[in-house]
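Here's the structure, in structure tokens; my notes come after.
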Amino acid sequence: MRYHRFGHNVLRHVNFFVQPGQKVGVVGRTGSGKSSLVMALERLVESHHGKIVLDGMDLNSTGLHDLRRGICVIPQEPVIFSYTVRENLDPYHEHTDEEIWYALNQVKLDTIIEALPKKLDDYIPMRGQTYSVGQRQLFCIARAIVRKPYILVLDEASASVDLYTDRVIQGIIKKCFPRTTVLAIAHRLETIMDYDLIMVMENGWLKEYDRPLTLLKNEKSMFHNLVHQHEAEQYNKLLTIAQKADEERQEKQKSSPVRRRSASSMDQMFKPVEEHELGKEESR
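Heads up, the sequence shown is in the numbering used here, so the first residue is 17 and it goes up one at a time.
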């Protein structure tokens, strides 16, 4: 993917597979291609080569309206419109009051809205500036709960909130989207250590893609080095979270009648392409 016709590729031979309902964390330094990955998924920028397949359907041949109705993005800066509460959560008036109140209840905003004179039909002034950043972010999550997307993208959704609110947000995500495929660009590594998989991006390349525990234990992995560079004091805590999540995941797989493809077979689904392997393809 490139941002203009004669520009350089910002995503290069990115190839990965995600099972339905899996939670995938995305990490990498600034400029590594994390946000470009989200833009490619939403087709905000069209890929000039390759394709993204969702449930056997090539997204490049899918109408943008249909595509984006199935994907919900919660950005770093929460977006609230100067409309009513109802129109912020259900802009196309497709859902019942019960569904909207359920979403507000899940994010603990129902008591605040109940206190408004017109409740769901009360006007939100100044694009929600009368609410705190954390509350505005909870509004965005409530909007996603109402929409019930196939894919939920968290683009550093908790970067603007404190650690406590971050943990509240992560708890809501796990509770309300248990079967939704989640792609999370991580601001704090702690929030993705119990995810199914982690992808490590660097300069537009997908360098690593495996279980958090596997990457964390591998002293030669980029993820292991990233943890030690930025959160070395938290290493044991992150390791404990990853180990606990891995044990719980294995127990679920044993009791589940549906056989899921294990991450240990990643070598069959995914093989990172190294820069020296490209040869002349990069010049195309």
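Beta carbons: idealized from backbone N, C-alpha and C, even for Gly. The structure displayed is predicted, hence computed values, not measured ones.
By a beta-carbon distance limit of 8 Å, Ile90 contacts Cys156. Their separation comes to about 5 Å. Residue burial is scored here from C-beta neighbours: Gln145 has fewer than 16 other C-beta atoms within 10 angstroms and is therefore classed as exposed.
Checking the DSSP bridge columns, you'll see Thr146 has no partner listed. The Cβ neighbour count for Phe97, taken over all protein chains shown within 10 Å, is under 16; the residue is labelled exposed. Asp71 has its alpha-carbon roughly 26 Å from the corresponding atom of Ala173.
Within its own chain, the residues whose Cβ lies closer than 7 Å to the Cβ of Val42, once the five positions on either side in sequence are excluded, are Lys50, Leu53, Leu199, Ala200, Ile201, Ala202, Met215 and Met217, listed in chain order. Burial check for Thr256: the Cβ neighbour count within 10 Å stays below 16, so the residue is exposed. Remark: three or more beta-carbon pairs, one from each stretch, lie closer than 8 Å, so the region 119-139 and the region 160-169 are flagged as touching.
Rounded to whole angstroms, His244 and Gln269 show a C-alpha spacing of 31 Å. In the structure shown, Met209 adopts coil according to DSSP, grouped into three states. Where Ala200 is concerned, the enclosing beta strand (DSSP E) starts and stops at Thr197 to Ile201. Ile167 sits away from Thr207, with the two beta carbons spaced by 7 Å or more. In the structure shown, Val34 adopts coil according to DSSP, grouped into three states. For Gly187, the enclosing alpha helix (DSSP H) covers residues Leu179 to Cys192. A straight line joining the alpha-carbon of Asp226 with that of Lys233 spans about 11 Å. Taking 7 Å as the cut-off, the beta carbon of Asp262 is found no closer than this to the beta carbon of Leu213.
The C-alpha of Thr127 lies about 14 Å from the C-alpha of Asp138. Secondary structure note for Lys223: its beta strand (DSSP E) is the uninterrupted segment Trp221 to Asp226. For Asp71, there is no enclosing beta strand (DSSP E), since its DSSP letter is neither H nor E. For Glu218, the three-state secondary structure derived from DSSP is strand. In the assembly as shown, Ser77 is an exposed residue. Its beta-carbon has fewer than 16 other beta-carbons within 10 Å.
Membership of Lys270 in the alpha helix (DSSP H) is indicated by the continuous run Tyr251 to Ser271. In the DSSP secondary-structure assignment, Thr46 is not bridged to any residue.
Rounded to whole angstroms, the gap between the alpha carbons of Gln35 and Pro133 is 45 Å. Residues of the same chain with a CB within less than 7 Å of the CB of Ser237, apart from the 5 flanking positions on each side, are Glu224 and Leu231 in chain order.
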